[in-house]
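Engineer: End of the first sequence = 1013 in the working numbering, gap-free, step of one.
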Amino acid sequence: MTSTLRTRFAPSPTGYLHIGGARTALFNWLFARHTGGRFVLRIEDTDQERSTEASTKAILDAMAWMGLTWDEGPFFQAERVGLHRNMVLKLIEEGKAYYCTCTPEALENKRKKALAEGRKPKYDGTCRNKNLKKTPGSVVRFRGAETGVTIVEDLVKGNISFNNEELDDLIIERADGYPTYNFAVVIDDAMMNITHVIRGDDHVNNTPRQILMYQALGFDVPKFAHVPMILGSDKTRLSKRHGATSVMAYKDMGYLPDALVNYLVRLGWSHGDQEIFSLPELVDLFTLDAVGKSPAVFNPEKLLWLNAHYIKEADTRRLLEEMKPLWPAEAKGRDDDFMQKVIADLQPRAKTLVEMASAAGFYFADDVLYDPEAAGKFLTADVADHLKALAASIESVEPFNKEGIESFLKDFIEKRGIKFKAVAQPLRIALTGKTVSPGIDEVMATLGSKCVRERILKAVAWIEMSASTNAS
RNA sequence: GGUCCCAUCGUCUAGUGGUUAGGACGCUGGCCUCUCACGCCGGAAACCGGGGUUCAAGUCCCCGUGGGACUACCA
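(1) How about H737 and A716: are their beta carbons less than 8 Å apart?
(2) Look at G561 and M794 and say whether their C-beta atoms are less than 8 Å apart.
(3) What three-state label does DSSP hand T688 in the structure shown?
(4) Near M542, which residues of its chain fall below 8 Å by C-beta distance, leaving aside the five closest residues on each side in sequence?
(5) Looking at the structure shown, is L1096 part of a helix, part of a strand, or coil, going by DSSP?
(6) Going by the DSSP bridge assignment, what does P798 pair with across the sheet?
(7) Just to confirm the assignment, what range does the alpha helix (DSSP H) spanning H559 have?
(8) Can we say the region 609 to 625 touches the region 691 to 698, given the rule of at least three CB pairs closer than 8 Å?
(9) Could you check what DSSP says for T714 in three-state terms: helix, strand or coil?
(10) Once the 5 residues before and after L829 are set aside, which same chain residues still bring their CB inside 7 Å of it?
(11) What did DSSP end up calling E613 once you bin it into helix, strand or coil?
(12) By alpha-carbon positions, which one of L847, W570, D908 and R669 ends up nearest to T642?
(13) Which stretch, first to last residue, makes up the beta strand (DSSP E) that contains Y639?
(14) Could you spell out where the beta strand (DSSP E) holding L582 opens and where it closes?
(15) Find out if the Cβ-Cβ distance for the pair V802, L826 is shorter than 8 Å.
(16) Going by DSSP, name the residue or residues bridged to K764.
(17) Between which two residues does the beta strand (DSSP E) holding V680 run?
(18) Take the Cβ of N650 as the centre, count every other Cβ of all protein chains shown within 10 Å, and call the residue buried at 16 or more, exposed below.
(19) Report the rounded CA-to-CA distance for L1022 versus I981, giving the unit in angstroms.
(20) By the 10 Å Cβ neighbour count, where 16 or more other Cβ atoms means buried, how is V838 classified, buried or exposed?
(21) Which first and last residues belong to the beta strand (DSSP E) in which F550 is found?
(22) Determine the extent of the alpha helix (DSSP H) in which I959 is found, giving its start and end residues.
(23) Taking the alpha helix (DSSP H) that T857 falls in, what are its first and last residues?
(24) Could you give the residue range of the alpha helix (DSSP H) that holds D934?
(25) Cutting at 6 Å between CB atoms, please list the residues of its own chain near T597, excluding the five before and the five after it.
(26) For R715, is the beta carbon positioned less than 7 Å from some heavy atom of the ligand MN?
(27) If we ignore side chains and look at the alpha-carbon of each, how far apart do A1002 and S990 end up?
(28) What did DSSP end up calling A831 once you bin it into helix, strand or coil?
(29) Name the two residues that bound the continuous alpha helix (DSSP H) containing I981.
(30) Can you tell me the Cβ-Cβ gap for L972 and R994, rounded? I've got them flagged as a contact below 8 Å.
(31) Measure how close the beta-carbons of R682 and L711 come, nearest whole angstrom, since I'm counting them as under 8 Å.
(32) Taking N672 as the reference, which of V984, K637 and L779 has the closest Cα?
(33) According to DSSP, simplified to helix, strand and coil, what is P913?
(34) Specify, as a first and last residue, the run of the alpha helix (DSSP H) that S899 falls within.
(35) Taking all protein chains shown into account, do 16 or more other C-beta atoms lie within 10 angstroms of the C-beta of L656, making it buried, or fewer, making it exposed?
(36) Check whether the region 878 to 892 and the region 925 to 932 touch, using three or more Cβ-Cβ pairs below 8 Å as the test.
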């Protein structure tokens, strides 16, 4: 026996890792890391119908992306059925479980009838005392207590008590020989020495039955912590119809894992008024008693804000790597040095990496594509001379960086007796084709003097051409 | 229907008997400014209702109400 604290995350591989599961995983991971315990990953794939390997891989990938490293596993529950069966047999021998031959159809009918008549739709105990043998199609049920009270001592909700008579004789082994969730989870958590079960509070109603099984099997009951659910904007359980719920969908949309982690941890957990947390900081600060009891509505805007924050704060070298798969095709072949400058220009105003990539097009274009409306409005005959003069002297700017350009431009407008505003937008269109862009000095410095001169000249040509077209 | 959980601005939350009920997202007015962002300053915006307990209740208790979860041979 070890005295170190152990948590686990036990997703079922029936789809992608979703937001709710990710937060559960995060809490388990943080709690383990904070306490110096161990974090175990177990894949609950006993549903042969719905479990897929692709889902397992997707979940592992998503956890890795978020930085949730596990110390043991992944273990696969389906590979442990022998163990589960032995435990079932043990319970049967001890009279704590029994075979049941009721058909699913018969059960379903009884359930409907009971519901229609306003009675509890729980198992009626038909086979409970028949002392049946195993037969094809038979299942095994746990013999529940008919009296007494079971108390769940929950680390976030406090004590919750249940009358045992409310509890069903639930099926622990299916006709196909596989254990059901409520049984397998108990066996595995016990055998893996899980000390703290942190999971969604949709499991609270299962917990008393599980406690009864721990006791029937002679296992220590772990501590439970049920964290509230994450809801959609209509306050129902978060699902696809509320928008993206897959962790990796956020990666694809250009989110940084730091943002997702930071957002998720603040759903149900807080540390005073603090909003921004790094992972190491969370490991340091996270405790279960700061977890709230009430469910939280998922708010995509706040996540987006956090993402913008982390992009802004990120090291450009890191972004250089993150952005590599995202750049438009024209960016191919550009050196890292140039790309880092592009990133630095765009960083303060991008909310997602995808947005950054799509705003960067003009940096790589051989021919700047003018937004027709912008060009028509700002590339006018009266600015042609200014642009020409600019083109003529721009290559002499030394050094050709933000500061050098700034003072050159200041000098330039003073000499010509104009305001910067008079040429700013025309210049911007010439350089970027758009009315919205990073600062002109930054764009120039990134583009380089040769490119800047060419683009200005091209704008002059465009002005002259459109003037002659209008005249004819 | 039954069981269980939950309840502070639209949303995430701070609050642990005495506060002008704080912060954040979003919204909004202004400043900054070459555009857009960023940033900075300001604003609107909440204790679900009713009873108790107490000198004093967002905070404790009860009852309502509302919302959620579970009620599978899913997990």
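Backbone N, C-alpha and C fix where the C-beta goes; we use that ideal spot for every residue, glycine too. Please read all numbers here as calculations on a predicted model, not as lab measurements.
Structural biologist: Considering the structure as presented:
(1) Stepping through the first sequence from its first residue, residue 737 is reached at position 196. Stepping through the first sequence from its first residue, residue 716 is reached at position 175. No, these two residues do not count as a Cβ contact at 8 Å.
(2) Within the first sequence, the letter at position 20 stands for residue 561. Within the first sequence, the letter at position 253 stands for residue 794. Their beta carbons are not under 8 Å apart, which means G561 does not touch M794 by this criterion.
(3) As a first step, residue 688 must be located in the first sequence, where it is residue number 147. DSSP places T688 in coil when its eight states are reduced to three.
(4) Reading the first sequence from its first residue, position 1 is the one you call residue 542. Interpretation of M542 is limited by its pLDDT of 45, a score under 50 that renders its predicted location unreliable; the figure taken from the coordinates is listed afterwards. Around M542: N734.
(5) With the chain running from 542 to 1013 in the structure shown, residue 1096 is simply not present.
(6) Position 257 of the first sequence, counted from the start, is the residue given in the question as residue 798. DSSP, once it has assigned bridges, lists no residue as partnering P798.
(7) As a working mapping, residue 559 is identified with position 18 in the first sequence. Careful: H559 lies outside any alpha helix (DSSP H) and carries neither H nor E.
(8) no
(9) Taking the first residue of the first sequence as 1, we reach residue 714 at position 173. First, the amino acid is wrong: residue 714 is Glu here, not Thr. Residue state, collapsed to three classes: strand.
(10) Indexing the first sequence from 1 puts residue 829 at position 288. These residues qualify, in order along the chain: F572, L696, V697 and A766.
(11) If you number the first sequence from 1, residue 613 lands on position 72. Strand, per DSSP.
(12) Here the question's residue 642 lines up with position 101 in the first sequence. The option with the nearest alpha carbon to T642 is R669.
(13) Residue 639 sits at position 98 when you count from the first residue of the first sequence. Y639 -> beta strand (DSSP E) spans A638 to C641.
(14) The residue you call residue 582 lines up with position 41 of the first sequence. Run containing L582: R579 to I584, per the beta strand (DSSP E) assignment.
(15) As a working note, residue 802 is residue 261 in the first sequence. As a working note, residue 826 is residue 285 in the first sequence. No, they are not a contact pair.
(16) Counted from its first residue, the first sequence places residue 764 at position 223. According to DSSP, which records beta bridges pairwise, K764 is partnered with H737.
(17) Sequence index remark: in the first sequence, residue 680 carries index 139 (1-based). From DSSP, the beta strand (DSSP E) with V680 extends over V680 to F683.
(18) Taking the first sequence and counting its residues from 1, the one referred to as residue 650 is at position 109. Classification for N650: exposed.
(19) In the structure as shown, the chain starts at 542 and stops at 1013, and residue 1022 therefore has no counterpart that could be examined.
(20) Walking along the first sequence from the start, residue 838 turns up at place 297. Its Cβ having fewer than 16 others within 10 Å, V838 is exposed.
(21) As a working note, residue 550 is residue 9 in the first sequence. R547 to F550 is the extent of the beta strand (DSSP E) around F550.
(22) As a first step, residue 959 must be located in the first sequence, where it is residue number 418. Unbroken run through I959: none, as it is neither H nor E.
(23) As a first step, residue 857 must be located in the first sequence, where it is residue number 316. Run containing T857: T857 to M864, per the alpha helix (DSSP H) assignment.
(24) Working through the first sequence from its first residue, we reach residue 934 at position 393. Checking the sequence shown, residue 934 turns out to be Ser, not Asp. Segment A925 to I935, the alpha helix (DSSP H) holding S934.
(25) On the first sequence, residue 597 is found 56 positions in, with the first residue counted as 1. The residues are P554 and I584.
(26) Ligands displayed in this structure: none; no statement on the ligand MN is therefore possible.
(27) Working through the first sequence from its first residue, we reach residue 1002 at position 461. Working through the first sequence from its first residue, we reach residue 990 at position 449. Each residue's alpha carbon lies about 18 Å from the other.
(28) Here residue 831 refers to the residue found at position 290 when the first sequence is read from its first residue. A831: helix per DSSP, three-state reduction.
(29) Position 440 of the first sequence, counted from the first residue, corresponds to residue 981. Where I981 is concerned, the enclosing alpha helix (DSSP H) stretches over I981 to L988.
(30) Taking the first residue of the first sequence as 1, we reach residue 972 at position 431. Taking the first residue of the first sequence as 1, we reach residue 994 at position 453. Incorrect: roughly 11 Å between the Cβ atoms, too far for contact.
(31) Taking the first residue of the first sequence as position 1, residue 682 is located at position 141. Taking the first residue of the first sequence as position 1, residue 711 is located at position 170. About 7 Å; that satisfies the 8 Å criterion.
(32) Stepping through the first sequence from its first residue, residue 672 is reached at position 131. Minimum Cα distance to N672 is reached at K637.
(33) In the first sequence, counting from the first residue as 1, residue 913 sits at position 372. Here P913 sits in helix by DSSP.
(34) Stepping through the first sequence from its first residue, residue 899 is reached at position 358. Looking at the DSSP string, the run of the alpha helix (DSSP H) that includes S899 is L894 to A900.
(35) The residue given as residue 656 occupies position 115 in the first sequence. Exposed.
(36) no
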